[in-house]
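S.K.:
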Amino acid sequence: MDDLDSMEMRNYICEYSIGNGVKIVKSTILNVEILPDQLGNKKIILDILAEDSKGNLYNIEMQRAPTIADYYRWEYYGARNLSSRLKKGGKYINLKPVYQIIFMRGYAYGNHNLINRYIMRNDNGQQEHENPLMHRIYVSLPAIDHIVAEKGKNNLNEFEKIIYLFEHNEPCDTIEPGKMVNVIMSRYKRMKQNKSIWTMAEKLEEAQMIEESLIEISRKEGLEEGIEKGIERGIEQGIEQGKKERTEEFIKQQISLKYHTDASAWLSSLSSDQLEQAPALILTCDTFESLQQQINQIQS
Numbered sequence: 000m001d002d003l004d005s006m007e008m009r010n011y012i013c014e015y016s017i018g019n020g021v022k023i024v025k026s027t028i029l030n031v032e033i034l035p036d037q038l039g040n041k042k043i044i045l046d047i048l049a050e051d052s053k054g055n056l057y058n059i060e061m062q063r064a065p066t067i068a069d070y071y072r073w074e075y076y077g078a079r080n081l082s083s084r085l086k087k088g089g090k091y092i093n094l095k096p097v098y099q100i101i102f103m104r105g106y107a108y109g110n111h112n113l114i115n116r117y118i119m120r121n122d123n124g125q126q127e128h129e130n131p132l133m134h135r136i137y138v139s140l141p142a143i144d145h146i147v148a149e150k151g152k153n154n155l156n157e158f159e160k161i162i163y164l165f166e167h168n169e170p171c172d173t174i175e176p177g178k179m180v181n182v183i184m185s186r187y188k189r190m191k192q193n194k195s196i197w198t199m200a201e202k203l204e205e206a207q208m209i210e211e212s213l214i215e216i217s218r219k220e221g222l223e224e225g226i227e228k229g230i231e232r233g234i235e236q237g238i239e240q241g242k243k244e245r246t247e248e249f250i251k252q253q254i255s256l257k258y259h260t261d262a263s264a265w266l267s268s269l270s271s272d273q274l275e276q277a278p279a280l281i282l283t284c285d286t287f288e289s290l291q292q293q294i295n296q297i298q299s
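If you number the sequence shown the way numbering that gives the first Met the number 0 does, the last residue is 299 and the count never jumps.
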């Protein structure tokens, strides 16, 4: 999924979500998953890193219906992404803004807007200063049904058609689905033919079904919240391990393509935090040795 059409699609999604006219110059996929929506019906989940002409970073991810823990996690990741931008001995004035774009199968807190863009503001709605460093954007997929009811499927713009596809796992029945929707559908068909990816999707589906079943049983039997959380965490750890293995494989491919090096042994020694930051550093490090130095400076 790294041809020119795919990159154009990723850049378009990023530019529209931000809504400030910024031009994205490059983007890469950090992680690709196909997750279950209903039994036998898999959803495409993308985790994307993009960069604009000024060096600002944009992270795009997809999430199921958010919990309060997810909001905490996004704030934490945003702060961590920002702190990782300050090199040793660097000056705060040289920090570049970071943007998080979260597509969710639910609504942002307090409203049903398609897009919500957040920065730090005071009680009067004034932003903290003219060049805020942390930006968080939520795109609520279910909002597309309200838009369709209001304006009709035939009047959706390109971005709204993409959101319809993400929400319903099929394009809306308009005369012209649009170039970006066609690109996504063609890549989806290619991924569907990849047996290893589809097998992983089935494993994740099974894990999620077990998780939901155990939580429901614990509620019915009146078990304490601590036990419920323990069950949830056990399932999460299993899913996280699977995601770590897929991340390692993806980064291994990226390193092989750019540096012509087999990094299998080195990658297996890295922590999850180090692996999460590796794709961004691959974009900026010219040599494999430089990449190793940058990664090794990250606390494992």
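Quick reminder that beta carbons are idealized off the backbone N, C-alpha and C, glycines included. These numbers come from a predicted model, not from an experiment.
1. On the DSSP bridge list, what partners appear for M103?
2. Using 8 angstroms as the threshold, is the region 87 to 105 in touch with the region 149 to 160, meaning 3 or more CB pairs across them?
3. Hey, E112 and S82 are a contact pair by Cβ (cut 8 angstroms); roughly how many whole angstroms apart?
4. What is the DSSP secondary structure of K25, reduced to helix, strand or coil?
5. Give me the residue from I23, N123 and A68 with the minimum Cα distance to L56.
6. Hey, how far is the Cα of Y108 from the Cα of E288?
7. In whole angstroms, what separates the C-alpha of E284 from that of G124?
8. In terms of residues, what are the limits of the beta strand (DSSP E) holding I114?
9. Is it buried or exposed, H134, if we count other Cβ atoms within 10 angstroms and call 16 or more buried?
10. From L280 to E129, what distance separates their C-alpha atoms?
11. Suppose contacts are defined by Cβ-Cβ distances below 8 angstroms. Is E166 in contact with P131 by that definition?
12. Near Q293, which residues of its chain fall below 7 angstroms by C-beta distance, leaving aside the five closest residues on each side in sequence?
13. Buried or exposed, going by whether 16 or more other CB atoms sit within 10 Å of the CB of E74?
14. With DSSP collapsed to three states, give me the class of R120.
M.R.: Looking at the atomic coordinates:
1. M103 is bridged by DSSP to Q62 and S139.
2. When C-beta atoms of the region 87 to 105 are compared with those of the region 149 to 160, fewer than three pairs fall below 8 angstroms, so the two segments do not count as touching.
3. Contrary to the premise, residue 112 reads as Asn rather than Glu in this sequence. No, N112 and S82 are not in contact; Cβ-Cβ is about 29 angstroms, not under 8 angstroms.
4. In this structure, K25 counts as strand in the three-state DSSP scheme.
5. The candidate whose alpha carbon is nearest that of L56 is I23.
6. Using only the alpha carbons, I get a separation of about 44 angstroms.
7. Here residue 284 is Cys; the residue named in the question, Glu, does not match the sequence. Straight-line Cα distance between these residues: approximately 40 angstroms.
8. Segment I114 to Y117, the beta strand (DSSP E) holding I114.
9. Residue burial annotation: H134 is buried, with at least 16 other C-beta atoms found within 10 angstroms of its C-beta.
10. The alpha-carbon separation between L280 and E129 amounts to approximately 28 angstroms.
11. It is not a contact, given that the beta carbons lie outside the stated cut-off.
12. Sequence-distant Cβ neighbours of Q293 in its own chain, meaning closer than 7 angstroms and more than five residues away, are L280 and C284.
13. With fewer than 16 other Cβ atoms inside 10 Å of its own Cβ, E74 counts as exposed.
14. The three-state reading of DSSP puts R120 in strand, counting E and B together.
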